[in-house]
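**Student:** Submitted below is the structure of interest, expressed as C-alpha cells.
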Amino acid sequence: MVKLTINGKEVEVPEGTNVLEACLGKGVQLEHFCYHRYLPVDGNCRTCMVELETPRGRALTIGCNTVVAEGMVVHTTSETAVRAQKSALEFLLLDHPLDCPICDKSGECYLQNHYVDHGRYEPRHVNPRYFKGDKALDIGDHIVLDAERCVLCTRCTRFLDHIPGSSELGIIRRGHEAKITTFPGKVVSNDYSGNITDVCPVGALTLKEFRFKQRVWLLKKAKSVCQGCARGCSITVEHNFNRVYRYMPRENKDLNRSWMCDDGRFSFQNLDENRLMLPMLKGKEVSVVDASTVFGQLLSSVKPTEIGAIVHGSSSLETMYQVKKLFEKIGSANAAVFIPPANGKGDKILKLPSLVSNENGARFLGMSLDSESIAKKAASGEIKMLFVIEADVLGPAVKDKYEAIKQAANLIVLSDKITETAKAANVAFPVRNFVETNGSYINATSLLQAARRAYEPENGDKILPAALLVGEIANLLGFTDQRFEDPSAVFNSISKEYGELGGVKFRKIPGRGIQLSLPPIGPLPFEGVKVDFNIFPDEYSTASQIEEAEKSQGITVDKQ
Amino acid sequence: MSSDLQLTKRFGIENSRNIDVARKNGAYSSLEKLFQMKPTELIDEVKKSNLKGRGGAGFPTGMKWSFVPQNTGKPVYLCVNADESEPGTFTDRYIIENDPHLLIEGIICGAWALQCHTSYIYIRGEYEKQFEMLNVALAEARKAGLVGKNILGSGFDLEIWTHRGAGAYICGEETGLIESLEGKKGQPRIKPPFPAVVGLFNCPTIVNNVKTLCHIPWIIEHGGDAFAAIGTKDSTGTNIFGVSGHINNPGYWELPFGMHVPEFLEKYAKGIKGGKLKAFIPGGSSTPVLTPEETEDLYLTYESMMAHKTFLGTGGMIILNEHTDMVRALKTLTHFYADESCGQCTPCREGTSWLDRILTRMLAGEATTRELDMMVEIADNMEGRTICALAAACAMPVRSFVTKFRPDFEKYIKPAVFAGAAVS
C-alpha cells in the first residue's frame, strides 16, 4: 500500500494505482473522458488534470497516467487544477452541436455531467462552428455514428483494437478536422460491437436498438445475470412500464470486466416474444380456473411415485431446488435437469459454446443431468405424469430424443413461452421469465450471482415464478412446507442447507457474485487486453462503498 | 577561425558530398579513436562537453544517452531527427546537402556510445533531393565499409536506414517520429514511459537531431573539455544560426554561442531590410517574439534567451521589419499550427483552431476587444496541458504577439457601436 495526500486528506491505495483511480476510489470526483479502467491509458482528453507538489514546485499533470508514489501530494481542487479541468471542457464544447434534447446519451453523457458539475460558464465562442458532418451515419449492424458529438477520446478505437481486435474504427485527418470513421466501405461488425456505445462518453456512438426508444433517466435498473450463455455476464436490466429497453454490462472485474457480447445484449428483444400469458390445454388457451381444475383431476389420478420432472439447466437455482426437494419427499429419483447440446458459438473473449446458464447450479444441488432416462421412463409408462419445467424438449434441436413423451404421459408444462412442448402439453402453465422474478444462477466459472426482479408482469398474481408454482404443486401433493412468498425466500433456505453459501441471504449476495468451489465447466478463455491491470478500486473499497455507489447510479437492490 | 568550425568545415569544398573528397578533408577521421574508446567513456566525454540537443528543446545529450537502460536484452535504436519543419529553420538541410558524411560519421559515433546496431534517419518528406543525396552518401559509405557489418575491422555492426516522412510537422516531435517510423499515424506518445526506455518497437530508443550528432566527431577528436571551452558556460560549442525574413543577407553561419544579437544582425546579416527592426523571433516560429528593445542586450546563448523569457530553439531566427502587420504575421503562424496539430489532445486540437478562427474574424474586422483578451487566456489554457509541446509552440507566439504588439491588434478591433458592445 502507498500513502498519499489528496486534497489535504491522507489516503492509502495499492501500489501501481493511478492518481485518477485513487481519487475516484476515495470519493474525490475527477472528470475524465478518455480514461477507461479496462482499456489502455491514452491520456488525450486532458480533463483529469491534477496538481502535484514536487520538489520543483507544483506541477500540473493528468491523473490517469500518473502512478501514485509514497508521500505524493495531489490537489484536484486547487485553482490551477480546476482551471485546467474547466478549460478542457470549454475546448471540448467548442464545436459540440449541443443537440442534447434529441441525443440518446443525454442523461448519461460525460459532457453534460462535467458541465453541470464544473462548467456553467457563459459561452465565449463566437466563431462560426465547424461542422464535422457525418450526422447519424450508419456504420454497422448495430451502431450509428454522430461525428459531430464526438470528443475524440479514442475509447472506441482502443476497445476495438484491444478486445475483439477487429480495429474497424480509426481517426482520420488532423487537428480539429480529426474524426472517427471506418475504412471506406467497411462497417463495424464484430460480436462485441455494442460495447463501443457503452464506452463512448458522449452521444457519438449509439445503438440502433436503443435509439429514440426511451430517455435514460426514465429507465429503472435491476442487477441481473445474462442468460445468453454459460458465462452469465453481470448485467443491468434497464426497464420501464414492464418492458425491457436494454441490457447493459455491469462491471465485474473477474467475470466480464465491463463488456458483454452482442448476442447477450440483444437477447432482451425476444423476452416478450411469443409469451404464454394464459394456461393452455392441448394448445388451447383457457382460464386459470379451468386449467387448475383439469390439472387437479389429472394429479389425483396418479400416484406421487408415478410423477417425473425435467427441469431446464437454465432454470434458476430456486426452481431446481424446489423440484429436488419435492422428489426427495416423494422418495423417487424421477427428476433430472435437461442440458441441451452445446451448439453456441464460443470465442476467446466471453462467449461460451454452452448456452445453459445454470448447469453448475444443478451440479451444486447434486441433481441428475440424465433427462433422457426420465423421458424413456415416461415413454415406457413407468412415469404417468411428466412435468417439463421451462424446457422445450420438443423443440427442433432435441425433438428426436424426447418425441415419445408426447403420447406416453400426462404432460404438464411450466413455461414462459408458447413452445412446441407447451403446445403439446395436457396442461401448460405460464411462469415468469428471469427479469420478472428473483433468482440465482451459478455460471460456468462457478460464480453464484443473483438476478434481481426488474418488474412484475401485468397480471402478476396469475403468473407465478416457476419456483413458487412448483411449491404450489407440492402443496397439492401434501407437502405444505414448500410454499414461499418469493423465490428469494427459497434461496435463503438453500443457503441454510448448503454450508458453502454460509447462510447468506438473497439480498446480501454481492454484485460481483460469490465464488464457489465447484469445478468450472469447459474451457474458459479470457483473452483481450494485454495491459497490466492492477488498478481496481474494489480492491480497496469495502463492499458497502460499492453498494453506495451503485445506489447512487439508481441500481436498486430488492428488499427480500 | 576556420579551425573552430565543426559542422560547416567542409562546406564550399567542391564536390564535398563525395566520400573521397570528404575523407581527404577529414571525414571519418574520428572513427579510429572512437573504436578505442569505451562507450561509457564517450558518454562521459559528451557529458563533459555539455553538448545540448540542437533540435530545439536543448536537453543535454550526454544525459539523454545515459538514460538508456543497460542489459535489457532488447536492441537499442538511434533515430536521427531530420524532420526539420519548424518555420524559420533550415540548417540541417545544408548539412545534408553539403556534408552528409559528417552526419553518417556522427551516427556511427552515437551508435557506438549507445551500442546500437540499427539507426534510422527520419527525413522530412519535402526534402526529396536531400533524401536522394543522403542515400547516395550512405551507399558510398557502405561500399567503403563504414556502414554495415564490422565497420573498419572494429567488429562493430551498424546498419543505417533512411525513412521519409509524409510532411507532417508533428513527426518532428520525438515520439511522433517514433510512431510514424512504426508505420502509425504520427501522434506523440504519452510519457512516461520515455523513449529511452520504451521507444521504437517498444525498445530503448534515442532520438537525436542532425546537428547534435554532427558535433560528436569533433568532441571525440578534441575532447569534451575543448568543446566546453567554446561559447559560454551553459551554452557550449558552436551552432549554425540561420536568419530569414526582412534582412539584407539571409543565410546561415556557424558561430560559437555568445554573440551579441544586434552585432550579429549587422555583421553577418548586414542589417534590416526595408526599415527598422520591429520584431525578432529567435529560434523558429514557436519561440516567443522579442521587441527591438529586448534584443539590445540579447546574446545568442540559451541562458540569455531564458532571461528574456524566450528560447534559442533551433537557432533559426526570423526578422520582421517595422512595416510588418503583426496580426497577419500571427495569422500565418496560427494557421500553420492549427493545420499541423495532430488532433490528439483536446487543448491543442481545439485551441489552435479556435485561435486561428479568432484571427480570421479579426482580419475581417469582426472581432471585439474581449476576444483579444481571450486569445491570451486560450493560449494559457493550452500551454503545458498536452502530451507534446505543439500546443505550447502555438501558445507562446500568440501570447507574446498579443501582449507585446497589442496596438497592432487593436487596429483591427471592431469599433464599439455603443459602450456595451465592446465588452460583449
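In order, the protein sequence lines correspond to chains A and B.
All residue numbers for the first sequence refer to our numbering, where the first residue is 1 and numbers rise by one.
All residue numbers for the second sequence refer to our numbering, where the first residue is 1001 and numbers rise by one.
C-beta: ideal position from N, C-alpha, C; glycine also.
Does the distance from the C-beta atom of serine 1341 of chain B to that of glycine 8 of chain A stay below 7 Å?
**Tutor:** Here residue 1341 of chain B refers to the residue found at position 341 of the second sequence. Here residue 8 of chain A refers to the residue found at position 8 of the first sequence. Contact flag unset, no.
**Student:** Within a Cβ cutoff of 6 Å, which residues of the same chain sit near leucine 137 of chain A, ignoring the five residues on either side of it in sequence?
**Tutor:** Along the first sequence, one-based indexing puts residue 137 of chain A at 137. For leucine 137 of chain A, where only same-chain residues beyond five positions count, the Cβ hits under 6 Å are Leu145.
**Student:** Is there a Cβ from chain A that is less than 7 Å from the Cβ of alanine 1307 of chain B?
**Tutor:** Here the question's residue 1307 of chain B lines up with position 307 in the second sequence. No - not a single Cβ of chain A is within 7 Å of the one on alanine 1307 of chain B.
**Student:** From the beta carbon of glycine 119 of chain A, is the nearest beta carbon of chain B less than 7 Å away?
**Tutor:** Indexing the first sequence from 1 puts residue 119 of chain A at position 119. No, no contact with chain B.
**Student:** Could you check whether the region 222 to 242 of chain A touches the region 354 to 362 of chain A, counting it as contact only if at least three pairs of C-beta atoms, one from each stretch, sit closer than 8 Å?
**Tutor:** Yes, the region 222 to 242 of chain A is in contact with the region 354 to 362 of chain A.
**Student:** Output yes if chain B places a C-beta closer than 7 Å to the C-beta of arginine 129 of chain A; else output no.
**Tutor:** Mapped onto the first sequence, residue 129 of chain A falls at position 129. Not closer than 7 Å to any Cβ of chain B, the Cβ of arginine 129 of chain A fails to qualify, so no.
**Student:** Listing by chain order, which chain B residues have their CB less than 8 Å from the CB of isoleucine 171 of chain A?
**Tutor:** Indexing the first sequence from 1 puts residue 171 of chain A at position 171. Here the neighbours are Lys1185, Gly1343.
**Student:** Looking at the structure shown, is methionine 1362 of chain B part of a helix, part of a strand, or coil, going by DSSP?
**Tutor:** Residue 1362 of chain B sits at position 362 when you count from the first residue of the second sequence. If DSSP states are grouped into helix, strand and coil, methionine 1362 of chain B belongs with the helices.
**Student:** Excluding the five sequence neighbours on either side, which residues of its own chain have a C-beta within less than 7 Å of the C-beta of asparagine 475 of chain A, listed in chain order?
**Tutor:** By one-based count along the first sequence, residue 475 of chain A stands at place 475. For asparagine 475 of chain A, where only same-chain residues beyond five positions count, the Cβ hits under 7 Å are Gln482, Arg483.
**Student:** Does any residue of chain A have a CB that is nearer than 7 Å to the CB of alanine 1391 of chain B?
**Tutor:** Along the second sequence, one-based indexing puts residue 1391 of chain B at 391. No, alanine 1391 of chain B lies away from the interface with chain A (no Cβ there is under 7 Å from its Cβ).
**Student:** Compare the C-alpha of glutamate 1084 of chain B against each of B:Cys1345, B:Ile1104, B:Ile1096, B:Ile1160 and name the closest.
**Tutor:** Here residue 1084 of chain B refers to the residue found at position 84 of the second sequence. When only C-alpha atoms are compared, the closest one is B:Ile1096.
**Student:** Closer than 8 Å by beta-carbon distance: list the chain B residues that pair up with asparagine 438 of chain A, in chain order.
**Tutor:** Locating residue 438 of chain A in the first sequence gives position 438, where the first residue counts as 1. Here the premise fails: no neighbours, minimum Cβ distance about 45 Å.
**Student:** Determine, using beta carbons only, whether histidine 176 of chain A comes closer than 7 Å to chain B.
**Tutor:** Numbered from 1 along the first sequence, position 176 holds the residue referred to as residue 176 of chain A. Histidine 176 of chain A counts as touching chain B.
**Student:** Within a Cβ cutoff of 7 Å, which residues of the same chain sit near cysteine 1203 of chain B, ignoring the five residues on either side of it in sequence?
**Tutor:** The residue you call residue 1203 of chain B lines up with position 203 of the second sequence. Excluding positions up to five away in sequence, the list reads Lys1074, Pro1075, Val1076, Tyr1077.
**Student:** Please list the terminal residues of the continuous alpha helix (DSSP H) segment that includes cysteine 1214 of chain B.
**Tutor:** Position 214 of the second sequence, counted from the start, is the residue given in the question as residue 1214 of chain B. From DSSP, the alpha helix (DSSP H) with cysteine 1214 of chain B extends over 1210 to 1222.
**Student:** Since tryptophan 1065 of chain B is in the alpha helix (DSSP H), which residue starts that stretch and which ends it?
**Tutor:** In the second sequence, counting from the first residue as 1, residue 1065 of chain B sits at position 65. That run of the alpha helix (DSSP H) goes 1061 to 1066.
**Student:** Give me the chain A residues within the contact set of threonine 1352 of chain B, using Cβ-Cβ distance strictly less than 7 Å, ordered along the chain.
**Tutor:** Mapped onto the second sequence, residue 1352 of chain B falls at position 352. Within 7 Å Cβ-Cβ: Gly175.
**Student:** What residues of chain A sit near arginine 1349 of chain B, judged by a beta carbon separation below 8 Å?
**Tutor:** Translated into the one-based positions of the second sequence, residue 1349 of chain B becomes position 349. What arginine 1349 of chain B touches in chain A: Phe91, Leu152, Gly175, His176, Ala178.
**Student:** Per DSSP, glutamate 10 of chain A is paired with what?
**Tutor:** Position 10 of the first sequence, counted from the first residue, corresponds to residue 10 of chain A. DSSP lists A:Thr5 as partners of glutamate 10 of chain A.
**Student:** The beta strand (DSSP E) with glutamate 1159 of chain B in it runs from where to where?
**Tutor:** Start at 1 with the first residue of the second sequence, and residue 1159 of chain B comes out as number 159. From DSSP, the beta strand (DSSP E) with glutamate 1159 of chain B extends over 1159 to 1164.
**Student:** Just the chain C side, please: which residues come within less than 9 Å of methionine 49 of chain A by C-beta, in chain order?
**Tutor:** Looking for chain C here will not work: the only protein chains present are A and B.
**Student:** When burial is assigned at 16 or more other CB atoms within 10 Å of the CB, is glutamate 116 of chain A buried or exposed?
**Tutor:** Counting from 1 along the first sequence, the entry for residue 116 of chain A is found at position 116. The residue you asked about is not glutamate; residue 116 of chain A is valine in the sequence shown. The residue in question, valine 116 of chain A, is exposed, as its Cβ has fewer than 16 Cβ neighbours within 10 Å.
**Student:** For tryptophan 1253 of chain B, which beta-bridge partners are listed by DSSP?
**Tutor:** Taking the first residue of the second sequence as position 1, residue 1253 of chain B is located at position 253. DSSP, once it has assigned bridges, lists B:Phe1241 as partnering tryptophan 1253 of chain B.
**Student:** Three-state secondary structure (DSSP) at tyrosine 441 of chain A?
**Tutor:** For the purposes of this step, residue 441 of chain A is identified with residue 441 of the first sequence, where counting begins at 1. It is a strand residue.
**Student:** So aspartate 1381 of chain B contacts chain A; which residues on that side make the cut at Cβ distance below 7 Å?
**Tutor:** For the purposes of this step, residue 1381 of chain B is taken as residue 381 along the second sequence, with counting starting at 1. Per the sequence presented here, residue 1381 of chain B reads as asparagine, with aspartate not at that position. Result: Ser87.
**Student:** Can you round the beta-carbon distance between serine 166 of chain A and asparagine 195 of chain A to whole angstroms, since I take them to be within the 8 Å contact cut?
**Tutor:** Within the first sequence, residue 166 of chain A is the residue found at index 166, counting from 1. Within the first sequence, residue 195 of chain A is the residue found at index 195, counting from 1. That pair is no contact at about 12 Å.
**Student:** Please report how far the alpha carbon of proline 188 of chain A lies from the alpha carbon of phenylalanine 91 of chain A, in whole angstroms.
**Tutor:** Position 188 of the first sequence, counted from the first residue, corresponds to residue 188 of chain A. Position 91 of the first sequence, counted from the first residue, corresponds to residue 91 of chain A. The amino acid occupying residue 188 of chain A in the given sequence is valine; proline does not appear at that position. Approximately 29 Å between the Cα atoms of the pair.
**Student:** If you run the structure through DSSP and keep just helix, strand and coil, what is leucine 501 of chain A?
**Tutor:** The sequence position of residue 501 of chain A within the first sequence is 501, counting from 1. Reduced to three states, the DSSP call for leucine 501 of chain A is helix.
**Student:** How about alanine 1369 of chain B: is its C-beta nearer than 7 Å to some C-beta of chain A?
**Tutor:** On the second sequence, position 369 is the one that residue 1369 of chain B refers to. What sits at residue 1369 of chain B in the sequence shown is threonine, not alanine. Not an interface residue.
**Student:** Identify whether methionine 1305 of chain B lies in helix, strand or coil by the three-state DSSP scheme.
**Tutor:** Working through the second sequence from its first residue, we reach residue 1305 of chain B at position 305. It is helical.
**Student:** Compare the C-beta of alanine 222 of chain A with all C-beta atoms of chain B and state if any pair is closer than 7 Å.
**Tutor:** As a working mapping, residue 222 of chain A is identified with position 222 in the first sequence. Chain B, which has no Cβ nearer than 7 Å to the Cβ of alanine 222 of chain A, makes this no.
**Student:** According to DSSP, is leucine 278 of chain A part of a helix, a strand, or is it coil?
**Tutor:** The residue given as residue 278 of chain A occupies position 278 in the first sequence. Reduced to three states, the DSSP call for leucine 278 of chain A is coil.
**Student:** Given this structure, state the Cα-to-Cα distance separating leucine 1152 of chain B from glycine 1145 of chain B, to the nearest angstrom.
**Tutor:** For the purposes of this step, residue 1152 of chain B is identified with residue 152 of the second sequence, where counting begins at 1. For the purposes of this step, residue 1145 of chain B is identified with residue 145 of the second sequence, where counting begins at 1. Distance between the alpha carbons of leucine 1152 of chain B and glycine 1145 of chain B is about 6 Å.
**Student:** Is DSSP giving phenylalanine 364 of chain A helix, strand or coil here?
**Tutor:** As a first step, residue 364 of chain A is located in the first sequence; it is residue number 364 there, counting from the start. Helix at phenylalanine 364 of chain A.
**Student:** Considering only residues of the same chain and omitting the five flanking positions on each side of asparagine 1015 of chain B, which have a CB-CB separation below 7 Å?
**Tutor:** Here residue 1015 of chain B is taken as the residue at index 15 of the second sequence, counted from 1. The answer, listed in chain order, is Val1021.
**Student:** Could you list which residues in chain A have their beta carbon closer than 8 Å to that of arginine 1361 of chain B, in chain order?
**Tutor:** As a first step, residue 1361 of chain B must be located in the second sequence, where it is residue number 361. Ordered by position in chain A, the residues that pass the 8 Å Cβ test against arginine 1361 of chain B are Val126, Asn127.
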